[in-house]
Amino acid sequence: YEDRQPTPDFPTMLDFSAEMGILRAAEKCNGSGDCRKLATAGGTMCPSYQATREEKDSTRGRANALREILTRHRAETNPFAHPDLAEAMDLCLSCKGCTAECPSNVDMAGLKAEYLHQRQKTEGVPLRSRVFGQISRLNALGSWAPSLTNWLLMQPRVSGWLKKELGVAEERSLPKLHATTLRRWMWWNRRKLRRNLRPEMGRVYFFADEFTNFNDTLVGIKAVRLLHRLGYEVILPRHRESGRAAISKGLLHRARCVAVRNVEMLGRLVTEEVPLVAVEPSAILGFRDEYLRLVPQSMLETARRLAERSFTIEEFLCRERDRGKIGSGQFSEHPQQILLHGHCHQKALSSVDYSVGALSIPANYHVEVIPSGCCGMAGSFGYEKEHFELSQQIAELVLMPAVRQAAPSTLIAAPGTSCRHQILDATGKQVLHPVEILWQAAI
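Okay, so the sequence shown: first residue is 119 according to this note's numbering, each after it adds one.
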C-alpha cells in the first residue's frame, strides 16, 4: 500500500455496511493463517486448502487476491472479472467455516457470492449457474410428472447429454424427484394432521425448502409426522424457496426477490410462540445470515425478528426438551449407536450440539460426532466436472474413512442433503437425517 492511497468504494447487492464496504470486508483478514490448518486439527476452515495445501486456496489467499485487485483496479474495467480473482475464488466451497473459525471472521462465502454477482455483470451468467441457481423452478416443472422426469434422467443418453452440456461430472448420480411434493402430501393429509393434537404443545410453521419439497420429501414427511406425534399442530405457510442456490451462484437479484417475499409473507405469521422450523440447515440458516444483508433497510427489523424465530428442527426439539414439553418417555429405550456428520452452515451459524442433543433425547441413544470438516459436495460444487476430484479429496480427509469404519449396526446421520448425497455416492451407505432417526424411535 502507498501512503494516502484511497480506498475505492463499490456498490454491492449484499450489505457490507458493517464492514464499510466489500474491500474493507476483505481487509478484515489479519494474515494469521488459521485457514491453513490441516484436517487433523479439526474444524471446517478451509476445506480446499486442506486438500491442495496451496496458499491461493486458503481464506487468506482469497482475501489477499480480492484486496489487491480491488485496490489497484482501473476505473474503466470490471475488477471482479480479473482472471487472477477467478482462479482464487474458484475453489471456495462457500462452507462458511471462516465466518466462525477465522479470528477476524472473514466471510468468504458472502464475498464469493458478491464477487460472482459483480463478475456476471460483464461476463454474463453461465448456463450451468442459471440451471443450478434456479433449480427449484425446474424441479417444480418436473414434479408434475416425477416418474417420467426420473425415468428420463436415468436414460444414459439423456443424462450423458445433460452432464456434458452443464459440465456435470459423469461419476455423479443426479438427484431424483420424489413421487409427490411435501406440499401436496400435506394437503392430502390435512385432516389427519388436525387429529390427536395436544393444545398445550402449540403450533409450528414448517418451512418446505426446495430440497425437502421436491427431492428429500420423505425427510419432510417424517419431520411433520414426528411433530404431529409429539402433539404439535404443523402448519405449512405460503412461502418462496430459500434462495440458497441463487446465492451460491451469485444470482443476487433473484435471491433478493426471494428474501423480500419470504420476509413479507413469514414476518407477519411467525412469532415467539409459533416459530418457523425446517430440516435443511443451509435453507433455514439463510434467514440468519444472507437475508439480513439482502432485504432493504425498511424491512431489516422484520427480518431480524424472523431470524430470531427461525430454527433447524434439532434446535426446536432441544428448546422444547429444555422447556419440559418432550422427553425420553416419548421414544424407544432400545440402545442405538449413531455416527453424526454436521453440516458446515450448521457449524458456522448454529451448532452441531443441537443435532447431538436431539438425537440423545431417546434414553439409550449414543451419538458420536465425526471430527470432519466439509463433506466436499457443498451444494452444486461437487457435481461440477472440474471440481469433482477435489470434492472427493476433501471427503476422504476424515469423513469417508470414518463412515466406512462404522459398524453395520451404527446409524449414519447427517442433517444436510448434500452431505447425505456425497456419502451415498462415495460409500454406498444410506445416511439418515436426524429427524428420520427420531421418527423411527418415537412411540
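Note that beta-carbon positions come from the ideal geometry of N, C-alpha and C, so glycine has one too.
Given a cut-off of 8 Å on the beta-carbon distance, is the pair residue i and residue j in contact?
i           : j           : result
residue 463 : residue 495 : no
residue 139 : residue 127 : yes
residue 187 : residue 202 : yes
residue 268 : residue 294 : yes
residue 326 : residue 362 : no
residue 235 : residue 368 : yes
residue 508 : residue 529 : no
residue 144 : residue 184 : yes
residue 289 : residue 506 : yes
residue 516 : residue 547 : no
residue 503 : residue 286 : yes
residue 428 : residue 480 : no
residue 372 : residue 251 : yes
residue 555 : residue 532 : no
Can you give the Cα-Cα distance for residue i and residue j, rounded to whole angstroms?
i           : j           : result
residue 165 : residue 317 : 46 Å
residue 351 : residue 437 : 17 Å
residue 406 : residue 172 : 32 Å
residue 160 : residue 487 : 12 Å
residue 426 : residue 411 : 15 Å
residue 216 : residue 189 : 22 Å
residue 228 : residue 162 : 16 Å
residue 477 : residue 141 : 42 Å
residue 265 : residue 224 : 44 Å
residue 131 : residue 419 : 18 Å
residue 377 : residue 222 : 27 Å
residue 263 : residue 291 : 20 Å
residue 519 : residue 434 : 31 Å
residue 312 : residue 342 : 12 Å
residue 333 : residue 534 : 13 Å
residue 299 : residue 557 : 19 Å
residue 439 : residue 389 : 19 Å
residue 303 : residue 424 : 26 Å
residue 195 : residue 226 : 23 Å
residue 356 : residue 366 : 24 Å
residue 497 : residue 253 : 11 Å
residue 382 : residue 170 : 43 Å
residue 416 : residue 323 : 24 Å
Between which residues of its own chain and residue i is the CB-CB distance below 7 Å, once the five residues before and five after are set aside?
i           : result
residue 230 : 207, 210 and 212
residue 391 : 320
residue 474 : 458, 485 and 487
residue 448 : 348, 560 and 561
residue 513 : 493, 494, 540 and 544
How far does the alpha helix (DSSP H) with residue i in it extend, from its first residue to its last?
i           : result
residue 236 : 226–241
residue 298 : Residue 298 -> no alpha helix (DSSP H), and no H or E assigned at all.
residue 514 : 506–515
residue 329 : 328–332
residue 473 : 470–477
residue 463 : 462–467
residue 335 : 335–347
residue 249 : 245–251
What are the start and end residues of the beta strand (DSSP E) that includes residue i?
i           : result
residue 458 : 454–458
residue 322 : 321–324
residue 198 : Counting along the chain, residue 198 falls outside any beta strand (DSSP E), and DSSP gives it neither H nor E.
residue 553 : No beta strand (DSSP E) holds residue 553; the alpha helix (DSSP H) holding it covers 552–559.
residue 357 : No beta strand (DSSP E) contains residue 357, which DSSP labels as neither H nor E.
residue 428 : 428–430
residue 484 : 483–487
residue 384 : That residue, residue 384, is in no beta strand (DSSP E); its alpha helix (DSSP H) goes 370–385.
residue 352 : 351–353
residue 141 : Where residue 141 is concerned, there is no enclosing beta strand (DSSP E), although the alpha helix (DSSP H) it sits in stretches over 140–144.
residue 531 : 529–531
Nearest by alpha-carbon distance to residue i: which of the options is it?
i           : options               : result
residue 247 : 283, 215, 379 and 149 : 283
residue 354 : 256, 278 and 338      : 338
residue 329 : 359, 420 and 368      : 359
residue 445 : 559, 399, 501 and 232 : 559
residue 431 : 450, 408, 401 and 451 : 401
residue 466 : 150, 219 and 537      : 219
residue 346 : 323, 315 and 297      : 315
residue 125 : 167, 192, 179 and 148 : 192
residue 403 : 443, 271, 214 and 237 : 214
residue 147 : 154, 167 and 182      : 182
To which residues of the same chain is residue i closer than 8 Å at the C-beta, ignoring the five residues directly before and after it?
i           : result
residue 453 : 482, 483 and 484
residue 249 : 256 and 284
residue 232 : 130, 131, 132, 134, 140, 368 and 370
residue 123 : 189
How about residue i: is its C-beta nearer than 8 Å to some C-beta of chain B?
i           : result
residue 221 : In the displayed structure, chain B is absent; only one protein chain is listed.
Leaving aside the five residues before and after residue i along the sequence, list all residues of the same chain whose C-beta is less than 6 Å from its C-beta, in chain order.
i           : result
residue 150 : 221
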